[in-house]
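Trainee:
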Amino acid sequence: MSELPVETKAEAEPRFDPDTFAMNLANAMESGGKALAAYLKAREGGEASDDWPNEFAELIRTISTVAGYWLSDQSRAVELQAKLGKAYLDLWGYAARRLAGEEIKPAVEPAPRDKRFTDPEWRSNQFFDFVMQAYLLTTKWANELVRDAKGLDPHTRKKAEFYTAQLTNAMSPSNFVMTNPEVLRETFASNAANLARGMKMLAEDIAAGHGVLRIRQSDSSHLEVGVNMATTPGKVIYQNELMQLIQYSPNTGTVLRTPLLIVPPWINKFYILDLRPEKSFIKWCVDQGITVFVISWVNPDRRLGEKTFEDYMKEGPLAAMDAIGKATGEMKVHTVGYCVGGTLLAATLAWLADKRQKRVASATFFAAQVDFTYAGDLMVFVDEDQISALERDMKQAGVLEGSKMAMAFNMLRSNDLIWSYVVSNYLKGKTPPAFDLLHWNSDATRMPAANHSYYLRNCYLENRLSTGSMVLDNTLLDLSKVKVPVYNLATREDHIAPAESVLYGSRFFGGPVRYVLSGSGHIAGVINPPSLGKYQYWTSDAIANTTLAEWMKSAQEHRGSWWPDWHAWLRGIDAEMVSAREVGTDALPPIEDAPGSYVRVRA
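The working numbering puts the first residue of the sequence shown at -15, with every later residue one more than the last.
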């Protein structure tokens, strides 16, 4: 049987062809069999295993706590059934009156920003309208069960909200062929060619993930690191087991005397800061006359599983500062830390302050947390039971696979980052377009077990950095000893490092802090070059003992990118210029061209 879908000939009006329809369904079923075979083969060969017991047990335990409240009392149980029953009866009455030709307001409507139900037929067709409203009413009822359950501690309630969202998002009628009007139309219009293409992609994506579904969010066939992403000219001038240090070639005759060291997160790869040239923060900095160095973290395997948070500090920013000193002769650097790279940078600054080593001129944080009191949605994965289970899994593998962390991030916005692609790719049969940001998002990295365990426990679970109880290299870290100027950037729609959390963390530094709030989210709010003219940012000096809502009342809004504001702040600290520096020295000769080899290793 042919592996390729049978395409219908182009016609002025699509015509249903039973033979072609049957052949495409057969091709879809064949590809579905290949997808199942790839899934089973990976498990038989030990390439993949199902971690459902831990995750499923957590879901059952959380949902059971909520159910226990409602079912432990007969009157509450009756109320539970009556509430949903009344909602369905109201919907049935609405449907009957509409069938009789009456214009009537729907029982429930989707949220204005819910993209799942934008097709007009969700409202014009009475069947799809009924299915949609039944789903929305059920979802509303399920959310209210969590909201109104008494006696839940905040963490359990947060987990219950999260798991309820995952279940209801998965059950949306938009995710199934027969209850999605747009997919159903496409199926008949193309004689099921969409399903044949979609199931073929499903089989390919499971095979590519070695038994785990790796949903393609971007067409990566024309995207390659070092070719059309991460192309800013430079050289790797130093490397060790954990990182390569890249120095970028100057693009101006003179440069700021103090060089810039960027510490990206090791959870992802550094080239989020160097995508296409027009979106590259690194290239923009070079064009402003800054000598830029960036750490490119290794994609670790089991061999590096025992590397600790302390190792990442010593072999990361500290080793980079030593190398920069040899390369430039400068003993101080400006620093930037992004996300967890910012948390590591803050810990490093506290360590340097305790040792009275003056090696940093300023510190900039991009969507980074140093206090986790108001940490983001990732807190649903953080408690003693879940961390202990994760540690047992990591002990066997030596690392946390990047795909698991990527899935955790995607689940925080599952409708946008999971189910929209399931529908588009596998039901509509559409290959996603080439998109550098989403290609980067899928280019996941592993994490050493020892490092990740330390980070989860000391930051998310015990919040030790801001409270002054974190210990690295036998040193008690105290952020109040960090006196260097700080530029603390938050993004308004951030689910990972919420703006409230970043603002609250500003109070723990001992020196002057400029808190800036950017529009958009964790990525787009940071990667927002001035040339695009997108979004906005807010500034205010009132950061002490204030909430984000209070801060916004006195904040001034500025249109466009915050990048020029940061550059002006940086030059205000030290504006001295020197002749542009060539890459590398006799002491540190170039090893290879940027972006280096570490970044090319895929999980």
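Ideal Cβ placement from N, Cα and C applies to all residues, glycine included. Note that the coordinates shown come from a computational prediction; the quantities given were computed from them, not determined experimentally.
Helix, strand or coil, according to DSSP, for M454 in the structure here?
Mentor: As a first step, residue 454 is located in the sequence shown; it is residue number 470 there, counting from the start. Coil, per DSSP.
Trainee: Compare the C-alpha of K267 against each of W547, G568 and L461 and name the closest.
Mentor: Indexing the sequence shown from 1 puts residue 267 at position 283. For K267, the nearest C-alpha among the options comes from W547.
Trainee: Looking at the secondary structure, which residues open and close the alpha helix (DSSP H) in which R441 lies?
Mentor: Residue 441 sits at position 457 when you count from the first residue of the sequence shown. That residue, R441, is in no alpha helix (DSSP H); it is neither H nor E in DSSP.
Trainee: Does the Cβ-Cβ distance between N8 and A177 come in under 8 Å?
Mentor: Indexing the sequence shown from 1 puts residue 8 at position 24. Indexing the sequence shown from 1 puts residue 177 at position 193. A contact, by the Cβ cut-off of 8 Å.
Trainee: Counting Cβ pairs closer than 8 Å, one from the segment 286 to 299 and one from the segment 251 to 259, do we hit at least three?
Mentor: no
Trainee: Comparing C-alpha positions only, which one of T122, N109 and A428 sits nearest to D74?
Mentor: Reading the sequence shown from its first residue, position 90 is the one you call residue 74. Cα-wise, what sits closest to D74 is T122.
Trainee: In chain order, what are the residue ranges of uninterrupted alpha helix (DSSP H) at least 4 long that sit wholly in the segment 355 to 395?
Mentor: 368 to 381 and 386 to 395
Trainee: Give the DSSP-derived three-state secondary structure of P261 in the structure shown.
Mentor: Looking up residue 261 in the sequence shown gives position 277. Helix.
Trainee: Determine the DSSP secondary structure at T327, reduced to helix, strand or coil.
Mentor: On the sequence shown, residue 327 is found 343 positions in, with the first residue counted as 1. Looking at T327 - three-state DSSP - the assignment turns out to be helix.
Trainee: Mapping DSSP to helix, strand and coil, what is M315?
Mentor: Sequence index remark: in the sequence shown, residue 315 carries index 331 (1-based). Coil.
Trainee: Would you mind listing the beta strand (DSSP E) stretches within the segment 528 to 584 that are 3+ residues and don't spill past its ends, in chain order?
Mentor: 540 to 543 and 561 to 563
Trainee: Between the segment 517 to 530 and the segment 543 to 558, do at least 3 Cβ pairs fall closer than 8 Å?
Mentor: yes
Trainee: Exposed or buried, M155, counting other C-beta atoms within 10 Å across all chains shown (16 or more means buried)?
Mentor: In the sequence shown, counting from the first residue as 1, residue 155 sits at position 171. So M155 counts as exposed.
Trainee: Return yes when the Cβ of M561 is within less than 8 Å of the Cβ of V276, no when it is not.
Mentor: Numbered from its first residue, the sequence shown carries residue 276 at position 292. Numbered from its first residue, the sequence shown carries residue 561 at position 577. No. Outside cutoff.
Trainee: Relative to the C-alpha of P234, which candidate in L411, A10 and I274 has its C-alpha closest?
Mentor: Within the sequence shown, the letter at position 250 stands for residue 234. It is I274.
Trainee: Would you decide whether K263 is buried or exposed? Buried here means 16 or more other CB atoms lie within 10 Å of its CB.
Mentor: By 1-based counting over the sequence shown, the position of residue 263 is 279. With 16 or more other Cβ atoms within 10 Å, it is buried.
Trainee: Identify which residue in E31, L554 and G309 has its Cα closest to the Cα of A191.
Mentor: Locating residue 191 in the sequence shown gives position 207, where the first residue counts as 1. Closest by alpha carbon: E31.
Trainee: Is it right to say W550 is buried, meaning 16 or more other beta carbons lie within 10 angstroms of its own, or is it exposed?
Mentor: Here residue 550 is taken as the residue at index 566 of the sequence shown, counted from 1. W550 comes out buried.
Trainee: What separation, rounded to the nearest whole angstrom, lies between the Cα atoms of L336 and D558?
Mentor: As a working note, residue 336 is residue 352 in the sequence shown. As a working note, residue 558 is residue 574 in the sequence shown. Rounded to the nearest angstrom, the two C-alpha atoms are 20 Å apart.
Trainee: With DSSP run on the structure shown, which of helix, strand or coil describes L(-12)?
Mentor: Looking up residue -12 in the sequence shown gives position 4. Bear in mind that the predicted position of L(-12) carries a pLDDT of just 45, short of 50, making it unreliable; the figure below should be weighed with that in mind. Coil, per DSSP.
Trainee: In terms of alpha-carbon separation, which member of E541, E368 and L226 lies closest to A303?
Mentor: The residue given as residue 303 occupies position 319 in the sequence shown. The shortest Cα separation from A303 among E541, E368 and L226 belongs to L226.
Trainee: Evaluate K219 with the Cβ neighbour count: other Cβ atoms within 10 Å of its Cβ, from every protein chain shown; 16 or more gives buried, anything less gives exposed.
Mentor: The residue you call residue 219 lines up with position 235 of the sequence shown. K219 is buried by the Cβ-count criterion.
Trainee: Opposite T523 in the DSSP bridges: which residues?
Mentor: Walking along the sequence shown from the start, residue 523 turns up at place 539. Partner(s): V500 and Q540.
Trainee: When the Cα atoms are used, what is the spatial distance from L440 to D427?
Mentor: Looking up residue 440 in the sequence shown gives position 456. Looking up residue 427 in the sequence shown gives position 443. Their backbone Cα atoms lie some 22 Å apart in a straight line.
Trainee: What does the Cβ neighbour count give for R198, buried or exposed, with the cut at 16 atoms within 10 Å?
Mentor: Start at 1 with the first residue of the sequence shown, and residue 198 comes out as number 214. Label assigned to R198: buried.
Trainee: Taking 8 Å as the cut-off, does the segment 79 to 86 touch the segment 97 to 105 (at least 3 CB pairs, one atom from each stretch)?
Mentor: no
Trainee: I need the DSSP call for W125, collapsed to helix, strand or coil.
Mentor: Position 141 of the sequence shown holds residue 125. Residue state, collapsed to three classes: helix.
Trainee: Our contact map puts L186 next to G413 with C-beta atoms below 8 Å; I'd like the distance itself, whole angstroms only.
Mentor: The residue labelled residue 186 in the question sits at position 202 within the sequence shown. The residue labelled residue 413 in the question sits at position 429 within the sequence shown. Between G413 and L186 the Cβ distance is about 10 Å, and since that is not below 8 Å, they are no contact.
Trainee: With respect to the alpha helix (DSSP H) encompassing G17, which residues constitute its N-terminal and C-terminal limits?
Mentor: Here residue 17 refers to the residue found at position 33 of the sequence shown. That run of the alpha helix (DSSP H) goes P2 to E28.
Trainee: So the alpha helix (DSSP H) V62 belongs to, where does it begin and stop?
Mentor: Taking the first residue of the sequence shown as 1, we reach residue 62 at position 78. Here the alpha helix (DSSP H) through V62 covers Q58 to L83.
Trainee: Have a look at L207, L374 and V344 and flag the residue whose alpha-carbon is nearest the alpha-carbon of H423.
Mentor: On the sequence shown, position 439 is the one that residue 423 refers to. Ranking the options by Cα distance to H423, first place goes to L207.
Trainee: What distance in whole Å lies between the Cβ atoms of S450 and L463, which are believed to be in contact at a cut-off of 8 Å?
Mentor: The residue given as residue 463 occupies position 479 in the sequence shown. The residue given as residue 450 occupies position 466 in the sequence shown. 6 Å between Cβ atoms; contact.
Trainee: Mind checking whether V320 and M305 have CB atoms under 8 Å apart?
Mentor: Reading the sequence shown from its first residue, position 336 is the one you call residue 320. Reading the sequence shown from its first residue, position 321 is the one you call residue 305. Against a cut-off of 8 Å, the Cβ pair of M305 and V320 comes out as no contact.
Trainee: Is it buried or exposed for I279, if we count other Cβ within 10 angstroms and need 16 for buried?
Mentor: Reading the sequence shown from its first residue, position 295 is the one you call residue 279. With 16 or more Cβ atoms within 10 Å of its Cβ, I279 is classed as buried.
Trainee: Shortest alpha-carbon distance to R134 belongs to which of T415, A330, G77 and G52?
Mentor: Here the question's residue 134 lines up with position 150 in the sequence shown. It should be pointed out that residue 134 corresponds to Lys in this sequence rather than to Arg. Nearest option by C-alpha distance: G52.
Trainee: Roughly how many whole angstroms lie between the Cα atoms of M(-15) and A21?
Mentor: By 1-based counting over the sequence shown, the position of residue -15 is 1. By 1-based counting over the sequence shown, the position of residue 21 is 37. Residue placement at M(-15) is poorly supported in this model, since its pLDDT is 38, which falls under 50; the coordinates are not used for a value here.
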